[in-house]
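**Q** Sharing a structure with you now.
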Amino acid sequence: DAGALVALADRSAARHLGLRMDRALAELASEGSPLIQGAALAVRVLLDLDPAADLGERTAGWIDGATSPDARRALTKRLAGLLTAAGPLLQASPEALTPLLDRVDALADQDFLDRLPALRGGFDAL
């Protein structure tokens, strides 16, 4: 699903369907499943609808909020959706993931270990 969303956005950008795609992606980013939320947010950056820095800060917040088992499961899915678009995203905006990586680097040992399975699961998308 996340890969299909990235492909759809790529085709839509070529056809200049900006306003409709903007609305649809905003809705998916706020109302979709965690996997689709991550993919929609990445696609918004790819289409220049949102700044890469905002995405980076948002993903860093996902790390902070992953304090319960449910939140860590959502983190896994959001990261997987986001990283499905990682190739094109990193080519277009390499700074998009810097806040996420900085946040992981700053975690205390136990906080890192608590989140490690979720992080590993999210990065499996690569």
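Sequential numbering of the sequence shown, starting at 55, is according to the working numbering.
All residues carry an ideal CB built from backbone N, CA and C; glycine is no exception.
For Asp7 and Gly115, what's the separation of their Cα atoms in angstroms?
**A** Absent from the model: residue 7. The displayed extent of the chain is 55 to 180, so no value can be given.
**Q** Alpha carbon to alpha carbon, how far is Leu82 from Leu59?
**A** Near 10 Å, if we compare the C-alpha coordinates of Leu59 and Leu82.
**Q** As a quick exercise: from Pro123, Leu170, Ala160 and Ala150, pick the residue whose alpha carbon is nearest that of Leu95.
**A** Of Pro123, Leu170, Ala160 and Ala150, the residue nearest in Cα terms is Ala150.
**Q** Looking at Arg169: is its Cβ nearer than 8 Å to the Cβ of Ile117?
**A** Taking 8 Å as the Cβ cut-off, Arg169 and Ile117 qualify as a contacting pair.
**Q** Taking Pro148 as part of the alpha helix (DSSP H), name the residues at either end of that continuous run.
**A** That residue, Pro148, is in no alpha helix (DSSP H); it is neither H nor E in DSSP.
**Q** By alpha-carbon positions, which one of Arg157, Ala93 and Leu109 ends up nearest to Ala120?
**A** Ala120 has its Cα closest to that of Arg157, out of Arg157, Ala93 and Leu109.
**Q** Using CA atoms only, rank isn't needed, just tell me which of Asp178, Gln145 and Ala61 is closest to Ala106.
**A** When only C-alpha atoms are compared, the closest one is Gln145.
**Q** Buried or exposed for Leu167, please, with buried defined as at least 16 other CB atoms from any protein chain shown within 10 angstroms of its CB.
**A** Classification of Leu167: exposed, given that the 10 Å Cβ count is below 16.
**Q** Which residue comes first and which comes last in the alpha helix (DSSP H) that contains Pro105?
**A** No alpha helix (DSSP H) holds Pro105; DSSP gives it neither H nor E.
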